[in-house]
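Below is one structure, written out as structure tokens; comments come after it.
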Amino acid sequence: EKFKVNGHRAAISSLAFHPVFNMIASSSDDASIIIWDCSDSDVKQDQYIRAHTNAINQIVFDTNGKLLASCSSDMGIKIWKFDNPMKCLKTLTGHEHLISSIEFSSDSNFLFSASRDKTIKQWDVSSGFCKNTYKAHDDWVRSISLNDKSSLLVSCSDDETIIVWNVDKCEIKNQITGHNNKIEQVLFVKSEESKRCIF
Numbered sequence: 178e179k180f181k182v183n184g185h186r187a188a189i190s191s192l193a194f195h196p197v198f199n200m201i202a203s204s205s206d207d208a209s210i211i212i213w214d215c216s217d218s219d220v221k222q223d224q225y226i227r228a229h230t231n232a233i234n235q236i237v238f239d240t241n242g243k244l245l246a247s248c249s250s251d252m253g254i255k256i257w258k259f260d261n262p263m264k265c266l267k268t269l270t271g272h273e274h275l276i277s278s279i280e281f282s283s284d285s286n287f288l289f290s291a292s293r294d295k296t297i298k299q300w301d302v303s304s305g306f307c308k309n310t311y312k313a314h315d316d317w318v319r320s321i322s323l324n325d326k327s328s329l330l331v332s333c334s335d336d337e338t339i340i341v342w343n344v345d346k347c348e349i350k351n352q353i354t355g356h357n358n359k360i361e362q363v364l365f366v367k368s369e370e371s372k373r374c375i376f
């Protein structure tokens with residue numbers, strides 16, 4: 178252990194390293210986001226944001242680190258301008274249950290979200306409008322991941338299936354079965370050697 182820091186008042190749900198700066202964002206069931214400034218000698222709290230009205234389930238940076246997105250059990254998604262102080266640019270609403278997973282497209286133009294309402298949504302970041310809704314799972318969609326070109330989206334669910342989606346056509350490319358219980362996490366490996374793999 179090199180550092181140990183405290184600041185949240187409930188379970189910590191998600192962590193995200195900034196892609197450019199030595200900073201970490203953390204989210205919590207206490208509905209807050211904390212930005213931590215990291216160095217080789219210290220980690221200190223840089224910002225504390227009361228971000229949502231219910232537990233935050235995930236936070237993600239876009240490719241350049243200019244935007245931070247958060248999703249919550251309050252059924253909302255917020256897009257933040259990463260600055261000091263942080264500024265909420267948009268609040269996205271449309272899901273009918275808690276939102277469990279989010280991810281930016283590789284060009285940062287779109288944000289994808291998965292929800293307990295059994296759907297996945299594709300949001301236009303600049304306008305805040307929902308572009309597409311993906312429906313095929315029969316239960317809570319727990320996690321989503323995009324491949325390196327954002328041409329494929331993979332999702333997993335409590336219905337014990339994994340679905341690979343063609344993003345441009347908004348249709349199923351493949352459906353994978355084999356687990357005998359809910360699947361809570363799925364991940365595309367974004368590397369040249371293993372970019373075809375899903376975990």
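Going by my numbering, the sequence shown opens with residue 178, and the numbers climb by one from there.
Heads up, the beta-carbon is just placed ideally off N, CA and C, and yes, glycines get one too.
Query - Integer Cβ distance of P196 from G242, believed to fall under 8 Å - result: Working through the sequence shown from its first residue, we reach residue 196 at position 19. Working through the sequence shown from its first residue, we reach residue 242 at position 65. Going by Cβ atoms, the distance from P196 to G242 rounds to 4 Å, so yes, they are a contact pair.
Query raised in the report: Near H356, what residues of its chain come up, given a Cβ to Cβ distance below 7 Å and the 5 sequence neighbours on each side ignored?
Result: Walking along the sequence shown from the start, residue 356 turns up at place 179. Taken in chain order, the residues that qualify are E337.
Query - At least three beta-carbon pairs within less than 8 Å, the stretch 253-268 to the stretch 329-349 - result: no
**Report entry** Local conformation of M252 per DSSP, three classes
**Finding:** Position 75 of the sequence shown, counted from the start, is the residue given in the question as residue 252. In the structure shown, M252 sits in coil (DSSP, three-state: anything other than H, G, I, E or B).
Query raised in the report: Nearest-angstrom Cα distance between D301 and D345?
Result: For the purposes of this step, residue 301 is taken as the residue at position 124 of the sequence shown. For the purposes of this step, residue 345 is taken as the residue at position 168 of the sequence shown. Computed Cα separation, rounded: 14 Å.
Query raised in the report: Grouping DSSP H, G and I as helix and E and B as strand, with all else coil, what is V331?
Result: The count along the sequence shown starts at 1 and reaches residue 331 at position 154. In the structure shown, V331 sits in a strand (DSSP, three-state: E or B).
Query - CA nearest to the CA of S250, picked from K350, C333, R319 - result: Working through the sequence shown from its first residue, we reach residue 250 at position 73. For the residues K350, C333, R319, the minimum Cα distance to S250 belongs to R319.
Query raised in the report: So, S205 versus A187, is the Cβ gap smaller than 8 Å?
Result: Looking up residue 205 in the sequence shown gives position 28. Looking up residue 187 in the sequence shown gives position 10. Closer than 8 Å, so yes.
Query raised in the report: Mind pulling the beta strand (DSSP E) runs of 3 or more residues that sit fully within the stretch 220-274?
Result: With a minimum length of 3 residues, the continuous beta strand (DSSP E) runs that stay inside the stretch 220-274 are 220-227, 233-238, 244-249, 253-258, 264-270.
Query raised in the report: Taking the runs of the beta strand (DSSP E) that are 3 residues or longer, which of them lie wholly in the stretch 288-356?
Result: 296-301, 307-312, 318-323, 329-334, 338-343, 348-354
Report task. For V363, count neighbouring C-beta atoms within 10 Å of its own C-beta (all shown protein chains included) and say buried if the count is 16 or more, exposed if not. Result -> Residue numbering aside, residue 363 sits at position 186 when the sequence shown is read from its first letter. Result: buried.
Query raised in the report: Roughly how many whole angstroms lie between the Cα atoms of S371 and N324?
Result: Within the sequence shown, the letter at position 194 stands for residue 371. Within the sequence shown, the letter at position 147 stands for residue 324. Confidence in S371 is poor, its pLDDT being 46 and thus under 50, which makes the residue's placement unreliable; the coordinate value appears in the next sentence. Each residue's Cα considered, the two are about 11 Å apart.
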